[in-house]
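Mapping the sequence shown onto numbering that gives the first Met the number 0, position 303 (from 1) lands on 302, and the numbers just tick up by one.
By construction, the Cβ of each residue, glycine as well, lies at the ideal position given by its N, Cα and C atoms.
Structure first, commentary second.
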Amino acid sequence: MNSHRHRFFRAFQGALALLVVLAGCSTSPRPNDRQADLNASSFVVQGSDSANAAAAVQGVGGSVTHELSIINAVGADLTPPQAALLAQSDQVRLFANGTLEANGKAKKPKKAKKSKDSDKDSDKDSDSDSDKDSDKDSDRDSDSDSDSDSDSEDSDRDSDRDSDSDSDSDSDSDDSDKDSDRDSDSDSDSDSDSDSESSEGDDEADSDDPEIDYRADINYKDTIYPTMIGADQAHAASALGAGVTIAVLDTGLSTAGKGYKWVEKNTQRKDRVVARYNAITDALDGDTEDYHGHGTHVTSVIASSRKSGREEPRTYNGIAPDAELVIVKAFDGLGQGTYLDVIRGIDFVVANRDAYGIRVLNLSFGATPQSHYWDDPLNQAVMAAWQAGIVVVASAGNSGPGAMTIGVPGNVPYIITVGAASDALTSDDDDDFLTSFSGAGPTVEGFVKPDLIAPGGHMLAQVPPQSYLAQLFVQWLEEDDYFYMSGTSQAAAAASGAVALMLAAEPGLTPDTAKCRLMASAHPAVGDNGALAYSVFQQGAGLLNVVDAMESTAGGCANRGLNVNLDLAGLQHYAGRADRADDGTYFLAGLNDYSWDQSYSWKGYAFNDGFIWNDGFIWSDGFVWNDSFIWSDTFIWSDTFIWSDAFTTPMSAGDWVPHE
Numbered sequence: 000m001n002s003h004r005h006r007f008f009r010a011f012q013g014a015l016a017l018l019v020v021l022a023g024c025s026t027s028p029r030p031n032d033r034q035a036d037l038n039a040s041s042f043v044v045q046g047s048d049s050a051n052a053a054a055a056v057q058g059v060g061g062s063v064t065h066e067l068s069i070i071n072a073v074g075a076d077l078t079p080p081q082a083a084l085l086a087q088s089d090q091v092r093l094f095a096n097g098t099l100e101a102n103g104k105a106k107k108p109k110k111a112k113k114s115k116d117s118d119k120d121s122d123k124d125s126d127s128d129s130d131k132d133s134d135k136d137s138d139r140d141s142d143s144d145s146d147s148d149s150d151s152e153d154s155d156r157d158s159d160r161d162s163d164s165d166s167d168s169d170s171d172s173d174d175s176d177k178d179s180d181r182d183s184d185s186d187s188d189s190d191s192d193s194d195s196e197s198s199e200g201d202d203e204a205d206s207d208d209p210e211i212d213y214r215a216d217i218n219y220k221d222t223i224y225p226t227m228i229g230a231d232q233a234h235a236a237s238a239l240g241a242g243v244t245i246a247v248l249d250t251g252l253s254t255a256g257k258g259y260k261w262v263e264k265n266t267q268r269k270d271r272v273v274a275r276y277n278a279i280t281d282a283l284d285g286d287t288e289d290y291h292g293h294g295t296h297v298t299s300v301i302a303s304s305r306k307s308g309r310e311e312p313r314t315y316n317g318i319a320p321d322a323e324l325v326i327v328k329a330f331d332g333l334g335q336g337t338y339l340d341v342i343r344g345i346d347f348v349v350a351n352r353d354a355y356g357i358r359v360l361n362l363s364f365g366a367t368p369q370s371h372y373w374d375d376p377l378n379q380a381v382m383a384a385w386q387a388g389i390v391v392v393a394s395a396g397n398s399g400p401g402a403m404t405i406g407v408p409g410n411v412p413y414i415i416t417v418g419a420a421s422d423a424l425t426s427d428d429d430d431d432f433l434t435s436f437s438g439a440g441p442t443v444e445g446f447v448k449p450d451l452i453a454p455g456g457h458m459l460a461q462v463p464p465q466s467y468l469a470q471l472f473v474q475w476l477e478e479d480d481y482f483y484m485s486g487t488s489q490a491a492a493a494a495s496g497a498v499a500l501m502l503a504a505e506p507g508l509t510p511d512t513a514k515c516r517l518m519a520s521a522h523p524a525v526g527d528n529g530a531l532a533y534s535v536f537q538q539g540a541g542l543l544n545v546v547d548a549m550e551s552t553a554g555g556c557a558n559r560g561l562n563v564n565l566d567l568a569g570l571q572h573y574a575g576r577a578d579r580a581d582d583g584t585y586f587l588a589g590l591n592d593y594s595w596d597q598s599y600s601w602k603g604y605a606f607n608d609g610f611i612w613n614d615g616f617i618w619s620d621g622f623v624w625n626d627s628f629i630w631s632d633t634f635i636w637s638d639t640f641i642w643s644d645a646f647t648t649p650m651s652a653g654d655w656v657p658h659e
């Protein structure tokens, strides 16, 4: 085993710091052109508290743009000389604030429109819109002009869609207000709560929404994934998540189409969005309309109250259809945002957790780690949310299946990090599989991630039809504005809904206990020989099972050996049990049964409870970092890495990946 000393990264020292600051200024323009000085760039400035940081910025003549009390920081616009002065200060730390993106590098719809009648349709291939997707082009069906999976499970429902209608919207996706042109019959709400349906199947119209046709015989929709994780059984037992508020930090939530009442309203047709906050403009009740589509899709997975069928007891499209929602918009219509805005959004959630009853925070986005988890300012905000008693659920990232592909903030050891599984487009339980795009561990610090997996393949949920995503990939848009999307973003959303059901049943659960029970009740994939079909570095504890999680009485099995208070205070940081042998195999110290050579199985398996975790999840424990870590000196960032470069890599809210 290689066990070399891992040198700590140091921020902004001397002339090297100045050099990188100057370089970073030209690569980190802020969106919306909010800079007073065209030569200024945006930074996170962190001090002993936000007031100290603000004073330091003002002391060099910079401009404070954001207050980020959650991490004792401010956002600031600084010219290169001002940044250089602060870089040499021992009172503050600087982190360059670059552009973040939702859904990675998807092409603009306007560009796709130009090539709709030519062979250039392939330019719209989602695989070309992601750094990693080019390896998967062979998985897409060239005959469909819409990049459907070559295995053709999806083709029987998608091949008839006309790709020539793709991407007619403007690239800024400002046409979402046209959703209202959708015919009300196609958006008819089958979500009636009437106990007495007429022989024609009509329910009473909602007195609060006379425009909505609530005829119960129209367009029931089954999204399948609640059944995959047992949420349908919870629904049948009237466990719907009432009384729990989930904050969704994303691209917003559409209100333009009538069908979005299934997301905006609970099963009783009552408004359940208790707050809307635009973190970009710092405005409560500001514009949180979703011009991109990702946020609406994720929220629909979490909480759609549309019914799945006419049978009683009724089940629902979303996992927690009666949960309340706080919508935090931190990404714009092109899916772009900044660290500053995302952190400000988390700050809002933590500051208002009691006012709105926020118990769960869903973060369906990620970026490549650029430092230890504790040095990333976004991760610091995420840890502060966990410390405040909020269960944070994050996506593992879509860069799998290789090792060490967990993104930020999923690499935070405390939170619940979720990978993606697929049902293989069948109702059978024995052919489900771990998606190839799902991020795998270990993390840089040796922690096993993801913690568990949840449905994330060909997930059906609503998006605005004129949104960026729906126009870019119109081939995946179905009636009633339902849309297929795959990714660990959707898997995280399913897990957030499950946590809401758990907290509704037992409000006193702490974040650590909720995580413990999710892991203890998960169903790992096992082979015919009873051994794990996928490594714990790939599937964590296994596939989420809602009913078993709600019935679990487990405790004390998550985050053992970790102290978030000491971590945030900078007094202690932590490492996990993962190590790497000379042959490249990853293993867990003292637990040789869990070694992994980075192999990936394309075969489907049954996710069941037949595997006994006889180590009591000791593989998820942490120990104090001692500055003599296990990885070789040639790790993913160099010893001269400085945060000024960190944010030039886009952050994505679930990079577009082929459906699996």
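Excluding five sequence neighbours on each side, which residues of the same chain lie with their C-beta closer than 8 Å to the C-beta of residue i?
| i | result |
| --- | --- |
| residue 490 | 394, 395, 417, 418, 419, 420, 437, 452, 453, 454, 455 |
| residue 244 | 273, 322, 323, 324, 325, 355, 356, 357, 358, 359 |
Cβ of residue i versus every heavy atom of the ligand ADP: is any distance shorter than 7 Å?
| i | result |
| --- | --- |
| residue 411 | Judged by which ligands are present, the structure shown has none, so any question about the ligand ADP falls away. |
Can you tell which of the options has its C-alpha closest to the C-alpha of residue i?
| i | options | result |
| --- | --- | --- |
| residue 288 | 472, 316, 270, 326 | 326 |
| residue 355 | 275, 253, 341, 67 | 275 |
| residue 334 | 403, 349, 67, 365 | 365 |
| residue 613 | 444, 261, 507, 530 | 530 |
| residue 511 | 542, 556, 523 | 556 |
| residue 593 | 314, 84, 584, 599 | 584 |
| residue 246 | 538, 473, 278, 428 | 278 |
| residue 337 | 314, 95, 571 | 95 |
| residue 81 | 70, 50, 42 | 42 |
| residue 282 | 261, 59, 239, 329 | 329 |
| residue 284 | 251, 219, 363 | 251 |
| residue 235 | 542, 514, 320 | 320 |
Would a C-beta distance cut-off of 8 Å place residue i and residue j closer than the cut-off?
| i | j | result |
| --- | --- | --- |
| residue 291 | residue 332 | yes |
| residue 345 | residue 322 | no |
| residue 460 | residue 300 | yes |
| residue 604 | residue 504 | no |
| residue 700 | residue 303 | Residue 700 falls outside the range modelled here, since the chain spans only 0 to 659, and no answer is possible. |
| residue 230 | residue 498 | no |
| residue 368 | residue 402 | no |
| residue 519 | residue 553 | yes |
| residue 348 | residue 377 | no |
| residue 310 | residue 485 | no |
| residue 560 | residue 621 | yes |
| residue 361 | residue 466 | no |
| residue 733 | residue 524 | Lying before the first or after the last residue shown, residue 733 is absent from the chain, which here runs from 0 to 659. |
| residue 224 | residue 493 | yes |
| residue 548 | residue 502 | no |
| residue 74 | residue 67 | yes |
| residue 39 | residue 77 | yes |
| residue 63 | residue 84 | no |
| residue 341 | residue 248 | yes |
Please state whether DSSP places residue i in a helix, a strand or coil.
| i | result |
| --- | --- |
| residue 441 | coil |
| residue 328 | strand |
| residue 184 | Summary for residue 184: the model assigns pLDDT 35, below 50, so the residue's position carries little reliability, and this model does not support an answer. |
| residue 682 | Lying outside 0 to 659, the shown extent of the chain, residue 682 is not represented and no answer is given. |
| residue 722 | Residue 722 lies beyond the stretch modelled for the chain, which goes from 0 to 659, so this question has no answer here. |
| residue 339 | helix |
| residue 599 | coil |
| residue 457 | coil |
| residue 617 | helix |
| residue 65 | strand |
| residue 90 | coil |
| residue 536 | helix |
| residue 416 | strand |
| residue 658 | coil |
| residue 282 | strand |
How close, in whole Å, do the beta carbons of residue i and residue j come, if the pair is a contact with beta carbons under 8 Å?
| i | j | result |
| --- | --- | --- |
| residue 413 | residue 563 | 6 Å |
| residue 220 | residue 483 | Wrong, their Cβ atoms sit about 13 Å apart, outside the cutoff. |
Sorted by chain position, which residues of the same chain lie with C-beta nearer than 6 Å to residue i's C-beta, five sequence neighbours on each side aside?
| i | result |
| --- | --- |
| residue 253 | 259, 289, 295, 463 |
| residue 534 | 595 |
| residue 430 | 423, 603 |
| residue 222 | 316, 459 |
| residue 54 | none |
Suppose the cutoff is 7 Å on Cβ atoms and the five residues either side in sequence are ignored; what does the same chain contact list for residue i look like?
| i | result |
| --- | --- |
| residue 411 | 372, 378, 381, 382 |
| residue 384 | 345, 348, 349, 360, 391 |
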